[in-house]
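Undergrad: Take this structure, written in C-alpha cells, and hold onto it; I'll ask about it next.
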Amino acid sequence: MTKTLTGGCCCGKVSFSAEDRFSRFYFCHCRQCRKMTGSAHAANLFTAPDNIAWEQGTEFIKHFSYPGRGFAKTFCTECGSALPFLSSGGKYLIVPAGSLNEEPSKEVDAQIFCAEQTRWHLHGLAVKKMPGFPE
1 MTKTLTGGCC
11 CGKVSFSAED
21 RFSRFYFCHC
31 RQCRKMTGSA
41 HAANLFTAPD
51 NIAWEQGTEF
61 IKHFSYPGRG
71 FAKTFCTECG
81 SALPFLSSGG
91 KYLIVPAGSL
101 NEEPSKEVDA
111 QIFCAEQTRW
121 HLHGLAVKKM
131 PGFPE
C-alpha cells in the first residue's frame, strides 16, 4: 500500500497531500531554479499530474511561468513558499521536496544542470557541518 504524504507552505495557509509514488527526484542547479529557490539548487520530485489533493488554501496559490524554458513556480501568496506545479505540457506534477512534511521514499536520482552549479556551493559541500545555528 502506498503511503500518503502531506505538505504545504510555511505559514500554513496552503496544504496538500500526495501519494508517495515519485518517478524521479532531481537536484537542479540551473540559474532559474537557483533564483526561484534563493538557494544552491532546487530539490524536485516528479509524479503523475493527478497525484495531488489540495486540502486547503487554493485561493492563496499563484503560478509563474518563466518564458522560453518550460519552467514554472507555484507559491503561496502569503509566505512565498514553493508549492507543487504541473510541468509545461502537463506530463508531470513537480513537487518541491521541501514542501513535504514527511520524507519521501524516493532517493535522489541525479543532480542536473551541473554546468550551471555555483563555485560557492561546491566549496560549501566540504566545510564543517553543524547540527544547528552556531553560537
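Reminder that position 32 of the sequence shown reads as 32 in full-length UniProt numbering, one-by-one numbering, no gaps.
Where is the CB? At the ideal position from N, CA and C, for every residue including glycine.
Have a look at Cys9 and Leu83 and give me their C-alpha separation to the nearest angstrom.
TA: Roughly 7 Å between the two C-alpha positions.
Undergrad: Based on the DSSP secondary-structure assignment, which residues constitute the bridge partners of Val95?
TA: In the DSSP output, where bridge partners are listed per residue, Val95 has Leu45.
Undergrad: Within the same chain, show all residues whose beta-carbon is closer than 8 Å to that of Ser88, passing over the 5 residues directly before and after it, in chain order.
TA: Ser65, Gly70, Phe71 and Ala72, listed in sequence order.
Undergrad: To the nearest whole angstrom, what separates the beta carbons of His29 and Glu116, a pair I think is in contact under 8 Å?
TA: About 5 Å; that satisfies the 8 Å criterion.
Undergrad: Let's see if you can read the secondary structure: which residues bound the alpha helix (DSSP H) around Gln32?
TA: It spans Arg31 to Thr37 - the alpha helix (DSSP H) in which Gln32 sits, taken as one unbroken run.
Undergrad: Kindly give me the distance between the Cβ atoms of Ala48 and Leu5, rounded to whole angstroms, as I take these residues to be in contact under 8 Å.
TA: Actually they are not in contact, since the Cβ atoms of Ala48 and Leu5 sit about 14 Å apart, beyond 8 Å.
Undergrad: Look at the alpha carbon of Gln111 and the alpha carbon of Phe133, and state the distance between them as a whole number of angstroms.
TA: Answer to the nearest angstrom: the Cα atoms are 27 Å apart.
Undergrad: Rounded to whole angstroms, what is the Cα-Cα separation between Pro104 and Phe25?
TA: Roughly 10 Å separates the two Cα atoms.
Undergrad: Measure the alpha-carbon distance for Pro96 versus Thr77 and round it to whole angstroms.
TA: Looking at the two C-alpha atoms, the distance is approximately 16 Å.
Undergrad: Could you have a look at Phe60 and say whether DSSP puts it in helix, strand or coil?
TA: Three-state result, Phe60: helix.
Undergrad: If you draw a straight line from the alpha carbon of Lys128 to that of Pro67, how long is it in whole angstroms?
TA: Answer to the nearest angstrom: the Cα atoms are 39 Å apart.
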